[in-house]
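Below: the structure, in structure tokens.
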Amino acid sequence: MKSIITILGGASTVLSFMVGLIAAYNMHTFIEEWTEDHAKSEGFMRRTRLSTTAIFSTSLSDRCSRRRRKVLIWTSAFFVIVGVQALIILLLRSL
């Protein structure tokens, strides 16, 4: 039982790394698209501050809305996998 749980822990670690990379890529792409679509008229210094809060913006283009949805899905998947890893660790410690 312990060896199966250890293998599942390693597999979930690799999976969480891959999902984290996909989430980071989508977040980076979202900020680029948001900057292109919504911050063209802003100055350089203001644009960097706006891009950090763009994920919470309610007025987004369709392209940005789709990308934000992908960001939220992949980020949620990442945190679910991290939660599963925490449960696996707790299960291993109890054995």
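In UniProt numbering, the protein residues as written are 1 to 95. Heads up, the beta-carbon is just placed ideally off N, CA and C, and yes, glycines get one too.
Your pair Gln85 and Ser12 checks out as a contact, with CB atoms roughly 5 Å apart and the cut at 8 Å.
Closest by C-alpha distance to Ser76, out of Leu95, Glu32, Val19 and Leu90, is Val19. With contacts defined as CB atoms closer than 7 Å, Glu33 and Arg69 fail to qualify as a contacting pair. A straight-line Cα-Cα distance of about 43 Å links Phe30 and Leu95.
Taking the C-beta atoms as reference points, Ser16 is found nearer than 7 Å to Val82.
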